[in-house]
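Q: Quick one: structure below, then a few questions.
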């Protein structure tokens, strides 16, 4: 092998060549030209004579001229003050000082000292708060953007173990920058092998004799069938023809071999599921669709964490999940099993290993896990979940309770698998091991008889005197046995006991408990709780408003009995409040029965006889129920309580009119006109006579009504409509015009007059 060095390899091709036209050095890399002092010329000395021959004395040199110009500029700056509108503010005045050119006297110095003291005082006043805010901002910034040394502090932790000898044995890093440019590689010339020369000679050369094998086969016949030679090319340089039939046969043979591999060796049937084949292929596709470079970086980083801190369980779990996401389940299992060897006391690592393993292997893993961590509740529950048979689950829970007898979660899970009788026995043991668990006590009370349940709840109150659910369950138990008197007594004792044990009575929580009792069917308990706690923590002046909001909230939660109890308590405290009675009546109308509504209204009118709407609601309820005499009786009582009430008179007239009692309605309207002659009473009287086609009586009533209420437009409209109905169009026009004089802002009167003119073909007037 020969080696030669080119002597001109470092010489650039442009050296010694003139630059092209328009070339500017450094322009391609962004450099710009600059001017130096040598381009301008030498600097002038301060004593040099100026070029101006007519300069005055004292300005004949450059130094004198420069000093004079500087003094002039300083004088102009002191004299000029920016007093234009752009520098003026309505609050602060001008931006600069108006007296900057004035003398600085002692009072100015004293004023500046006072302002400076004020600024210093204000700054000290807010100093602590400002410094605290700055420290919080710096800490937040450091947390969001930690320094490089903080990010790699865990990786540099083992550097403290490196000795001086180890540091000295680290080799020095060489300068590898521009290595190829500084050390050009030498050209290497290698001789060509003889095989290439021979092959080239065969492809281009000629022969003058036949091969012995060709002579043996009789001339130009090749020794192989199909016209194919054993070499790459024929002696004449032409390529042989490809036999596609042979290739097709080979492909079919390969397909037969593959099909035989997937066939059943016993029955000869194929084991490939044609329907699930595409599904299986889909499951083989990795679930991760991100960049593979990110996966490599994450894998490398997690490996570094595992190497530097092998006792860190999250590192093993994260590594296993990374492999699982990328589709390498077996690699994930290997990593997490190695993690169980390193972190044998980590509950999370064992749980992750159980999750990744198949069911049969998972049983072995969970067995090993509970041996290492026998006090882990989650591992025992996972061991029971893996088992499929009920007996195996029960056996695991019993074994777990032997190791952890004070675990409420294990007792609950074990009791759920048992029959009621066995569950009662287990719960009796559970409350001994876990006496502070309210759920276990309540579950045991539900499975016991009435007498035993009372004993269980009494023991529960002795062990847990600060829990309200035990008292509420006792009240439900008494209600279930129809002992309603005991319910109120138990709730009252509950509040006293909880207060004596320094437990805060939260009325919102108790109201929620009452709603839960209503949903469970314990209505008496629900009402007792509402009566006991509705006034807790409520100011006297806020009681009405707060209780109405509580009732509306319970109504929206579909807790009807709770809302009814709140209204009942509010009415006992405020029996003369018409608004509360009215709200309660509307509540019973929407959510209660007719009997409940009528009973409430009877109590309401007894306490608030002047509330017309309550009388009317009672009469309407009776009327809708078909009891007209009862409705008349209610209205008669309403007349006695409100003799001059227009609404009650009109309601009575409407009742008689709807039941075709026209004479009764006339008599009522006559009495109303005598006792309460209002415009609406006259209007209803006219309307009744008009409906009964007594137009003369109607006109008389209109005349009488207009004497008292000439500004009531409906009387004028009815007068004009009656006259128009009788065909007296001129009189109707006059009635409308007179009405418009009295009521010029009545839109209906203008429309009726316009329609009348339109009927009379007076389109222009209309």
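Numbering (the numbering used here), first residue to last: 79 to 844. We put the beta carbon where it would ideally sit given N, CA and C, even for glycine.
Am I right that residue 568 and residue 556 are in contact with their C-beta atoms under 8 Å? What's the rounded C-beta distance?
A: About 6 Å; that satisfies the 8 Å criterion.
Q: Measuring straight from C-alpha to C-alpha, what distance separates residue 744 and residue 731?
A: 8 Å
Q: Relative to the C-alpha of residue 608, which candidate in 696, 589, 453, 231 has its C-alpha closest?
A: 589
Q: Could you give the distance in angstroms between the alpha-carbon of residue 427 and the alpha-carbon of residue 225?
A: 31 Å
Q: Could you check how far apart the C-beta atoms of residue 444 and residue 460 are, in whole angstroms? I think they sit under 8 Å.
A: 6 Å
Q: Note down the Cα distance separating residue 411 from residue 464, rounded to an integer number of angstroms.
A: 18 Å
Q: Candidates 392, 801, 720, 325: which alpha carbon is nearest residue 773's?
A: 801
Q: To which residues of the same chain is residue 606 closer than 7 Å at the C-beta, ignoring the five residues directly before and after it?
A: Counting only Cβ-Cβ distances below 7 Å, and skipping sequence neighbours, we find 553, 565, 566, 569.
Q: Taking just the CA atoms, how far does residue 587 sit from residue 503?
A: 33 Å
Q: Could you check whether residue 689 and residue 28 sit closer than 7 Å to each other, using their CB atoms as the reference points?
A: This structure cannot speak to residue 28, because the chain is shown only from 79 to 844.
Q: Given a cut-off of 7 Å, decide if residue 493 and residue 501 are closer than it, judged by their beta-carbon atoms.
A: The answer is yes: Cβ separation under 7 Å.
Q: Round the Cβ separation of residue 663 and residue 682 to the nearest angstrom and send it over; I've been treating them as touching at under 8 Å.
A: 6 Å
Q: Going by C-alpha to C-alpha distance, which of 625, 209, 562 sits closest to residue 600?
A: Nearest C-alpha to residue 600: 562.
Q: For residue 673, which of 695, 550, 391, 685 has the nearest alpha-carbon?
A: 695
Q: Helix, strand or coil: how does DSSP classify residue 824 here?
A: coil
Q: Answer with buried or exposed for residue 195, where buried requires no fewer than 16 other C-beta atoms within 10 angstroms of its C-beta.
A: exposed
Q: Could you tell me which whole alpha helix (DSSP H) segments of length 4 or greater appear in the stretch 561-638?
A: The alpha helix (DSSP H) runs lying completely inside the stretch 561-638 and spanning 4 residues or more are 562-578, 585-597, 601-611, 621-634, given in chain order.
Q: Keeping to the same chain, check which residues put their C-beta closer than 7 Å to that of residue 813; ignore five residues upstream and five downstream.
A: Non-local beta-carbon contacts of residue 813 in its own chain, meaning distances under 7 Å to residues more than five positions away in sequence, involve 794, 797, 798, 801 in chain order.
Q: Taking all protein chains shown into account, do 16 or more other C-beta atoms lie within 10 angstroms of the C-beta of residue 783, making it buried, or fewer, making it exposed?
A: buried
Q: By the 10 Å Cβ neighbour count, where 16 or more other Cβ atoms means buried, how is residue 219 classified, buried or exposed?
A: exposed
Q: Which residue wins for smallest C-alpha separation from residue 612, given the options 573, 536, 442?
A: 573
Q: Here's the rule: buried if 16 or more other CB atoms are within 10 angstroms of the residue's CB, otherwise exposed. What is residue 767?
A: buried
Q: List in chain order: all unbroken alpha helix (DSSP H) runs of 4+ residues lying wholly within the stretch 487-516.
A: 498-511
Q: Candidates 439, 665, 753: which alpha carbon is nearest residue 636's?
A: 665
Q: From the DSSP output, in three-state form, read off residue 94 for me.
A: coil
Q: Answer with buried or exposed for residue 432, where buried requires no fewer than 16 other C-beta atoms within 10 angstroms of its C-beta.
A: buried
Q: Which value, in whole angstroms, describes the spacing of the CA atoms of residue 839 and residue 827?
A: Cα to Cα, the separation comes out at about 19 Å.
Q: Output the residue ranges of the alpha helix (DSSP H) runs that lie fully inside the stretch 418-459 and measure 4 residues or longer, sorted by chain position.
A: 425-434, 437-450
Q: Can you name, in chain order, every residue of its own chain whose Cβ lies under 8 Å from the Cβ of residue 740, other than the five neighbours on each side?
A: 734, 766, 770
Q: How would you call residue 454, buried or exposed, if buried means at least 16 neighbouring beta carbons within 10 angstroms?
A: buried
Q: For residue 805, report the span of its alpha helix (DSSP H) as first-last.
A: Counting along the chain, residue 805 falls outside any alpha helix (DSSP H), and DSSP gives it neither H nor E.
Q: By Cβ distance below 8 Å, which residues in the same chain neighbour residue 381 in space, the five residues on each side in sequence not counted?
A: 397
Q: DSSP on residue 390, reduced to helix/strand/coil?
A: coil
Q: Suppose the cutoff is 8 Å on Cβ atoms and the five residues either side in sequence are ignored; what does the same chain contact list for residue 343 look like?
A: Residue placement at residue 343 is poorly supported in this model, since its pLDDT is 48, which falls under 50; the coordinates still yield a value, given next. There are no such residues.
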